[in-house]
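Residues 55 to 360 (the working numbering) are what the sequence shown spells out, left to right. Think of the CB as a built atom: it goes at the ideal place given N, C-alpha and C, for glycine as much as any other residue. A quick note: this is a predicted structure, and the numbers were derived from the prediction, not measured.
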Amino acid sequence: MLQKIANTLYTGYEYLLTKEILGNPLPSHIAIIQDGNRRYAAKLDKPSYYGHFYGANTTEKVMDWCLELGISQLTIYALSTENFSRPYSERIPLFKLLEKKFDEICVDERVHRDKMQIRVIGNVDLLPQDLRLAAQRAERITQQYENFRLNVALAYGGRWELLDVVKAITKNVETGVLKAKDIDPNMISDYLYSNGSPTNVDLIIRTGGEKRLSNFLPWQASGNECAAYFCAPYWPEFRKIDFLRAIRTYQMRDKKKRSNTLLRAISLLRECVKIKLEETLESFKRALKATRRDMVRRLKGLRSEE
């Protein structure tokens, strides 16, 4: 009975949250740091790869939620460069799971129905060959789709990405392909692992209770001053209401940002009107003074004529 009441309350709260966020601008691009898979497995007293397995199911749910709401781009932090320092016995099951998921994408009816494009970002040369080939197949099969884009960050590190950008641009400047004066933010985006995609991030979500961004998409996130949402549930426990709350946080921040912009515009307009009014009054004063001098001069002229 209590569980039934809890489910009813949850459904009602989810409905109200959805209705609330659909009444405001939605983020176009959400990025997620899927933290807590191993801790979730430990909580269940199971090997760590169980956590990654359950976490992969959550990723599929989030993709569905994005499609439901009309969010066009999702980037997931599936494997960082730091993960390669973990024991080999722990990495192998994760590599195999990722390979399996890429193979499933190629034949997934939903992927083709919803026209989902898959992109892998990161230093893919660090990945095992079988995983790398599976990722390339998924990219190739979905490359023409544009309705929804899923970016999977594998062997990714934000500092390494920026370092590789600097190296590539420096080399092209030295060889004359580029001129230093032509380097701008748009050009840097073209040299990222993703070759200009993913675009700027509007919202970063991190699960698992940690409050840090872990070197994730520094160029795409910082340049856009994106919102960040940190929550306690481990990634396999992440619910739709957590996702909706994150979007609401983005909307509150965006609303405040737009409000501040409007207030600054009003203040600027007020100052401009004030300056214009002062200039008009000063011109009027000068005109009056000039007219008085002119009248005195003319009166003196009339007296001399008499």
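For I175, the beta-bridge partners assigned by DSSP are A207. Comparing C-alpha distances from D308 to each of L257, Q274 and D296 shows the shortest one belongs to L257. For the pair M170 and N201, the CB atoms are nearer than the 8 Å cut-off.
The segment 86-94 and the segment 262-269 touch, with three or more beta-carbon pairs separated by less than 8 Å. Under DSSP, H83 shares a beta bridge with Q127. In this structure the segment 148-155 lies against the segment 103-110, because at least three pairs of beta carbons, one per stretch, are closer than 8 Å. Of A189, D179 and I159, the smallest CA-CA separation from R167 is found for I159. Y103 is the residue among Y103, G176 and L121 whose C-alpha sits nearest the C-alpha of R145. Of the other Cβ atoms in all chains shown, 16 or more fall within 10 Å of the Cβ of M117; this residue is therefore buried. Comparing alpha carbon positions, the residue from E291, V255 and V178 closest to L128 is V255. The segment 131-139 makes contact with the segment 206-225, as at least three CB pairs between them are under 8 Å. About 6 Å separates the CB atoms of I223 and Y245; that is less than 8 Å, so the two are in contact. Counting C-beta atoms within 10 angstroms of its own C-beta, I75 has 16 or more neighbours from the protein chains shown and is therefore classed as buried. A check of alpha carbon separations from R191 across N177, R173, R203 and L180 identifies R173 as the nearest.
Within the same chain, I125, S126, Q127, T253 and D256 come within 8 Å of S82 by CB-CB distance, once the 5 residues on both sides are set aside. The alpha-carbon of C280 is positioned some 30 Å away from that of R164. In this structure, V178 lies near A189, with their beta-carbon atoms less than 8 Å apart. Here R140 is exposed: its Cβ has fewer than 16 other Cβ atoms, across all protein chains shown, within 10 Å.
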